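Please read the structure below before turning to the comments.
2 protein chains.
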Amino acid sequence: MKAEMIAVGTEILLGDIVNTDAQVISLGLDELGIDLFYQTVVGDNPERLRAVLDIARQRSDLIITTGGLGPTLDDLTRETIAEAFGKQLVLHQPSLRRITAFFDRIGREMTPNNIKQAMLPADCTVLDNDWGTAPGCAFEADGVHVLMLPGPPRECTPLFRTAGMAYLAKLAGGTIVSHNIHIFGLGESEMEDRLHDLMEGARNPTLAPYAKDGECLVRVTAKADTREQAEQLTAPAVRQVCDALGDAVYGVDVGSLEQAAADALTARGLTLSVAESCTGGLLSKRITDIAGASRFYKGGACTYCNEIKMKILGVKKQTLDRYTAVSVQTAEEMARGIAQAYGTDIGIGITGYAGPDGGEDGTPAGTIHIGMYCAGETQVRTICSPRGRETARRDAANHALDLILRAAKKYPKS
Amino acid sequence: MKAEMIAVGTEILLGDIVNTDAQVISLGLDELGIDLFYQTVVGDNPERLRAVLDIARQRSDLIITTGGLGPTLDDLTRETIAEAFGKQLVLHQPSLRRITAFFDRIGREMTPNNIKQAMLPADCTVLDNDWGTAPGCAFEADGVHVLMLPGPPRECTPLFRTAGMAYLAKLAGGTIVSHNIHIFGLGESEMEDRLHDLMEGARNPTLAPYAKDGECLVRVTAKADTREQAEQLTAPAVRQVCDALGDAVYGVDVGSLEQAAADALTARGLTLSVAESCTGGLLSKRITDIAGASRFYKGGACTYCNEIKMKILGVKKQTLDRYTAVSVQTAEEMARGIAQAYGTDIGIGITGYAGPDGGEDGTPAGTIHIGMYCAGETQVRTICSPRGRETARRDAANHALDLILRAAKKYPKS
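As you go down the protein sequences, you meet chains A and B in turn.
Each residue of the first sequence is one higher than the one before, starting from 1 at the first, in this note's numbering.
Each residue of the second sequence is one higher than the one before, starting from 1001 at the first, in this note's numbering.
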């Protein structure tokens, strides 16, 4: 099956946003064994979209569109595709009810232009959108399969990875199973080096390495007639990858460092608090991204000035004077201080220069100390992440979560 | 001038990398006032690239390609383009000398396959690549301008922004100006309803509405011979949009809610602290995303359990018992408590059910109270954001920033 993607959105052509949907869909098609030959971006312009569709239907068996399904005047994907493929748009009552219910829930009046989001091609397969208002849909016409997805990544990604890929798996025949092996503390090239031999021969299952957000991932994907057969194909490969990467693997299908840390703490009945200076709340935010974090997380303090470090965390004035706020000693006192103030088993203290500026003493931007207090002891990991404020803060939070996860795993499960 | 981009690279179609060159070039073309109508990605396959080129030359005056200029076998952009436009490839001696010198500098032997990077279309304009080995080049044939750039972003970006844009500025003539009007507290469809008449007739300047991250944006863009003329075209449209949307406009060209709030606080010498329950540090994280936040931000507390709300913020036990932790009363006490504990002019207190669960008393998930203490008074805004945990938390942080911004603006600038 030859596929192509068409992203509809003037905001991409203007450079306002990057077409990240394209990567999500490309990766998914690769997992499904569907060849993707073209990606096109076209603006919110019905004539040009129509021309692009006419080119696509000549050369591809599957057209996946993103964007242009919203309520506004310039959202014209549905109408243009329906016309191109001679499909009537009909009101899909269940979708209209979902949209109406959505507006009821948020207590806003639904303006009439929202109704058009429920106008879908006759006899299409509707993909319910649990992340926004515009449903996706799919149909076949003239031997070409068309799949329409909403554009916003927070809607497109989950809808594609669930209902979208399930629909395509049926077209492609059989089913697929993927497992994600999560790795922290190993660079992408070192990981690839270690996996080189395993990856080279791999066809089914395939092994795909990714680097993202300061950590790595290997996705093992197998295709088979049944789910059980696919699972049997992936199992030995997952074991081999874990063996090759050893200690750097922090989990399989665990979602994220914060999820893995949350699971490890919850399973052991341990409690956590965090004190943040340069990360400014990012670590606390990521911990509380996890629903149910209140089972182990008592809270945090963003201590963005020395005064508050002393008052809330009990960091000593002489420590700040002698070693400065960005020091191993301050990180230790922050970690111990928050654990004591909040009464938790584990305390984290983060202090550093996130950038753009470093310290007046010449300490470079990106130098960050991550202290951890646990069972009466403190330890500090110092990192240097000089690639900008956002990356430095992210890396510091990643290392803190890695410290928490490793500390928790030393305890027996309760 | 109608432009289109063609990225050549199987690694983009496989999802290994995101086509970030597209954004860099889109933004640059927008600055130059060159209309970009299409972006296409095609693999390292000469037949498909040739077909894409044949489509492009029919519909565009300018074709910009990225990728496929390297030394390896699958780098075929140069050869395919030369053939498509009937151009001879000739050895460009200065480029060969640059490539040879590059290998000398890094102390590696130049393998013979590198020579082909200096084979360029006859009579083209060569764009010297100071960031890698493959030069860019440009030519005109059959009334179509072609600009070829290397694919790696660390080469493509600087080469495009310097020699590439200089070449294009000469072709384009004229310039464009854009202004972004930032809106909070109005849904996209309601915004468009109010702007409908203004938008429908708009050609120069154009009015483009966007919804992103819980807020909206209208971009007003005008094209003219000079920057001054373009500014004169945008000015009345910006005023009309601001008038139509009234109080919901929080700034023009201000970047983001957090940046606008940071600027407003800094300009008035006001200080801020925040207490977060369900947002868990997200608001603090967003405030400290702004470099220089320490000028107004003293810090925050994530009080994820009642015990810490009482201990750090002084929330009264009877308030928690009588009204629960998720209540207007608790939000007020959190806001006042953090302002007093941290000694700041403004204090924020956020408490709610981010989801997936709501309250045991039937309060739905997404119900969040945002309290603000300022100048001896407290106020609370209650929102209902039922589209999932992440969106609920984002919306709560947005509303907090909106409250801060409105409060700050009531003070005279210092």
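A virtual CB, placed ideally from N, CA and C, is assigned to each residue, including glycine.
Predicted model only: the values in this text are computed from it and were never measured.
Residue i (DSSP reduced to helix, strand or coil)
i         : result
A/TYR323  : helix
B/ILE1006 : strand
A/ARG387  : coil
B/SER1060 : coil
B/ILE1290 : coil
A/GLU109  : coil
B/THR1279 : coil
B/GLN1088 : coil
B/ASN1398 : helix
A/ALA237  : helix
A/ARG194  : helix
A/VAL52   : helix
A/GLY136  : strand
B/THR1344 : coil
B/ILE1017 : coil
A/MET423  : In this structure chain A extends from 1 to 414, so residue 423 of chain A is not present and cannot be described.
B/SER1189 : helix
A/MET199  : helix
B/ASN1180 : strand
B/GLY1028 : helix
Cβ pair residue i, residue j closer than 7 Å
i         : j         : result
B/ILE1063 : B/GLU1004 : yes
B/GLN1039 : A/VAL146  : no
A/THR226  : A/GLY151  : no
B/ALA1222 : B/VAL1254 : no
A/VAL8    : A/THR77   : yes
A/ILE106  : A/VAL52   : no
B/LEU1127 : B/LEU1168 : no
B/CYS1278 : B/GLY1366 : no
B/ALA1260 : B/GLY1251 : yes
A/VAL18   : B/GLN1023 : yes
B/MET1334 : B/ALA1392 : no
A/LEU257  : A/LEU403  : no
A/LEU13   : B/LEU1217 : no
A/LEU69   : A/ALA163  : no
A/GLU192  : A/PRO205  : no
A/ASP44   : A/THR10   : yes
A/ALA264  : A/ILE183  : no
A/LYS285  : B/LEU1282 : yes
A/GLY343  : A/ARG389  : no
A/ARG394  : A/GLY214  : yes
A/ARG336  : A/THR378  : yes
A/ARG381  : A/HIS399  : yes
Status (buried if at least 16 other CB within 10 Å, exposed otherwise) for residue i
i         : result
A/ARG203  : exposed
B/ALA1375 : exposed
B/ARG1295 : exposed
A/GLY280  : buried
A/SER414  : exposed
B/ARG1239 : exposed
B/ASP1357 : exposed
B/GLU1332 : buried
A/SER189  : exposed
B/GLU1047 : exposed
A/GLU31   : buried
A/GLN88   : exposed
A/ALA237  : buried
Supposed contact pair residue j and residue i - C-beta distance, whole angstroms, cut 8 Å
i         : j         : result
B/ASP1345 : B/THR1271 : 5 Å
B/SER1273 : B/ALA1339 : 6 Å
B/THR1100 : B/HIS1179 : Their Cβ separation, rounded to whole angstroms, is 48 Å, which puts B/THR1100 and B/HIS1179 out of contact at 8 Å.
A/ALA56   : A/ARG268  : 54 Å between Cβ atoms; not a contact.
B/GLY1015 : A/LEU27   : 4 Å
B/ALA1118 : B/LEU1149 : Contact doesn't hold; Cβ gap of about 16 Å is too wide.
Any chain E beta carbon closer than 7 Å to residue i
i        : result
A/SER294 : This model lacks chain E altogether, as its protein chains are A and B.
State whether the region 292 to 302 of chain A contacts the region 1292 to 1308 of chain B, with contact taken as three or more CB pairs (one from each stretch) at a distance under 8 Å.
-> Touching, per the Cβ criterion.
Segment contact flag, the region 1077 to 1088 of chain B with the region 1114 to 1127 of chain B, C-beta cutoff 8 Å, min 3 pairs: Three or more Cβ pairs drawn from the region 1077 to 1088 of chain B and the region 1114 to 1127 of chain B lie within less than 8 Å of each other, which places the two stretches in contact.
Query raised in the report: Below 8 Å, can you find three or more Cβ-Cβ pairs linking the region 1157 to 1175 of chain B to the region 101 to 121 of chain A?
Result: When C-beta atoms of the region 1157 to 1175 of chain B are compared with those of the region 101 to 121 of chain A, fewer than three pairs fall below 8 Å, so the two segments do not count as touching.
Are three or more beta carbon pairs between the region 337 to 356 of chain A and the region 369 to 384 of chain A nearer than 8 Å? Yes, they touch.
*Is the number of C-beta pairs between the region 1309 to 1318 of chain B and the region 315 to 334 of chain A that are closer than 8 Å three or more?*
The answer is no - the region 315 to 334 of chain A does not touch the region 1309 to 1318 of chain B, with fewer than three Cβ pairs under 8 Å.
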